[in-house]
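Undergrad:
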Amino acid sequence: MIKKWTVRYPAVNGEEERRAYVYLPTMYEADPDRRYPVLYMFDGQNVFFDSDATYGKSWGMADYLDYTDTPVIVAAIECNAGPNNERLVEYSPYRFDDPNYGHFDGKGKDTLNWFAHEFKPSIDSQYRTLPDRAHTFIGGSSMGGLMSLYALLAYNDVFGRAAALSPSLWVARRPS
417 MIKKWTVRYP AVNGEEERRA YVYLPTMYEA DPDRRYPVLY MFDGQNVFFD SDATYGKSWG
477 MADYLDYTDT PVIVAAIECN AGPNNERLVE YSPYRFDDPN YGHFDGKGKD TLNWFAHEFK
537 PSIDSQYRTL PDRAHTFIGG SSMGGLMSLY ALLAYNDVFG RAAALSPSLW VARRPS
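For what it's worth, the numbering used here labels the leading residue of the sequence shown as 417, then goes sequentially.
1. Taking the CB atoms as reference points, tell me whether A578 and L568 lie closer together than 7 Å.
2. Would the beta-carbon of S582 fall within 7 Å of that of S558?
3. Just curious, the beta strand (DSSP E) that G498 is in, first and last residue?
4. Thinking just about the alpha-carbon of each residue, which of T442, D548, T486, I493 is nearest to the one in A469?
5. Using C-beta distances below 6 Å, list every residue in its chain close to P426, excluding the 5 sequence neighbours before and after it, in chain order.
6. Consult DSSP for E506 and reduce its assignment to one of helix, strand or coil.
7. Grab me the residues of V505's own chain with a C-beta within less than 7 Å of its C-beta, minus the 5 sequence neighbours each way, in chain order.
8. For D459, is the classification buried or exposed, using 16 other Cβ atoms within 10 angstroms of its Cβ as the cut-off for buried?
9. Between N501 and Y517, what straight-line distance do the alpha-carbon atoms span, to the nearest angstrom?
10. State buried or exposed for K536, treating a residue as buried only when at least 16 other CB atoms are found within 10 Å of its CB.
11. Is the separation between the beta-carbon of L455 and that of V423 shorter than 7 Å?
12. Going by DSSP, what residue range makes up the beta strand (DSSP E) through L528?
13. In the DSSP assignment, find the unbroken alpha helix (DSSP H) run with A570 in it and report its ends.
14. Between M457 and G555, how many whole angstroms is the CB-CB distance? I'm expecting something under 8 Å.
15. So for P426, helix, strand or coil by DSSP?
16. Which value, in whole angstroms, describes the spacing of the CA atoms of G476 and K420?
17. When DSSP labels each residue in this structure, what does R549 get in the three-state scheme?
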């Protein structure tokens with residue numbers, strides 16, 4: 417089961433509405449005393465539904481998790497897909513310049529602070545989670561992969577593991 421709603425999110429340009437998604441495992445309703453680990457994901461629009469996905473093809477996480485009966489909750493927030501590369505600002509914990517894209521004041525620290533101190537506590541209060549570090553994971557690809565690595569390092573007391581698929585390490589260049 418996937419629940420979808422909107423949340424107020426302190427995005428790049430101030431507060432804005434974002435779609436949030438929560439996947440509950442197949443056994444969630446049948447076993448009301450059981451608690452579950454949580455995987456938090458970046459780019460929530462790409463996690464579950466092809467109709468929401470940036471390029472029309474999602475990761476199909478719910479289909480896979482249902483098929484394998486994996487006992488995990490997945491919570492995701494969509495990114496800022498604005499026309500001026502706002503996603504790069506939102507998902508970079510660093511300021512950086514790129515000859516093709518320009519200058520970016522990375523707001524990734526703010527993004528992750530919101531994930532750890534607003535989104536996670538909200539999910540923990542609404543669903544039967546195992547809220548400790550050992551059962552709290554984070555994942556994403558590309559810029560979401562970079563943010564997942566950053567989360568594991570900067571918020572190691574919150575996130576115990578990260579899935580950093582093809583992380584955009586190019587934004588964390590060494591100063592010349």
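Glycine included, C-beta positions come from ideal geometry on N, C-alpha and C. Note that the structure is a prediction, hence the values are computed from the model and not measured.
TA: Once the coordinates are examined:
1. In the sequence shown, the residue the question calls residue 578 occupies position 162. In the sequence shown, the residue the question calls residue 568 occupies position 152. Yes, Cβ-Cβ distance for A578 and L568 is below 7 Å.
2. Position 166 of the sequence shown holds residue 582. Position 142 of the sequence shown holds residue 558. Result yes, Cβ atoms of S582 and S558 sit closer than 7 Å.
3. Stepping through the sequence shown from its first residue, residue 498 is reached at position 82. It is not in any beta strand (DSSP E) - G498 carries neither H nor E in the DSSP assignment.
4. Locating residue 469 in the sequence shown gives position 53, where the first residue counts as 1. That would be I493, whose Cα lies nearest to the Cα of A469.
5. As a first step, residue 426 is located in the sequence shown; it is residue number 10 there, counting from the start. Excluding residues within five positions, the ones whose Cβ falls inside 6 Å are W530.
6. In the sequence shown, the residue the question calls residue 506 occupies position 90. Note: E506 maps to helix in three-state DSSP.
7. Numbered from 1 along the sequence shown, position 89 holds the residue referred to as residue 505. Excluding sequence positions up to five before and after V505, its CB lies within less than 7 Å of the CB of V428, F520, D521, G522, K523, all in the same chain and listed in chain order.
8. For this step, residue 459 is matched to residue 43 along the sequence shown. With 16 or more other Cβ atoms within 10 Å, it is buried.
9. As a first step, residue 501 must be located in the sequence shown, where it is residue number 85. As a first step, residue 517 must be located in the sequence shown, where it is residue number 101. CA-CA distance, N501 to Y517, rounds to 8 Å.
10. Counting from 1 along the sequence shown, the entry for residue 536 is found at position 120. Counting C-beta atoms within 10 angstroms of its own C-beta, K536 has 16 or more neighbours from the protein chains shown and is therefore classed as buried.
11. Position 39 of the sequence shown, counted from the first residue, corresponds to residue 455. Position 7 of the sequence shown, counted from the first residue, corresponds to residue 423. No, the pair does not count as a contact, with Cβ atoms beyond the cut-off.
12. The sequence position of residue 528 within the sequence shown is 112, counting from 1. Unbroken run through L528 is the alpha helix (DSSP H), 524 to 530; no beta strand (DSSP E).
13. As a position in the sequence shown, residue 570 is number 154, starting the count at 1. Here the alpha helix (DSSP H) through A570 covers 559 to 570.
14. Along the sequence shown, read from residue 1 onward, the residue named residue 457 stands at position 41. Along the sequence shown, read from residue 1 onward, the residue named residue 555 stands at position 139. Confirmed, about 5 Å.
15. For the purposes of this step, residue 426 is identified with residue 10 of the sequence shown, where counting begins at 1. Shown here, P426 sits in a strand according to DSSP, grouped into three states.
16. Walking along the sequence shown from the start, residue 476 turns up at place 60. Walking along the sequence shown from the start, residue 420 turns up at place 4. Spanning the two alpha carbons is a distance of roughly 15 Å.
17. Here residue 549 is taken as the residue at index 133 of the sequence shown, counted from 1. In the structure shown, R549 sits in a helix (DSSP, three-state: H, G or I).
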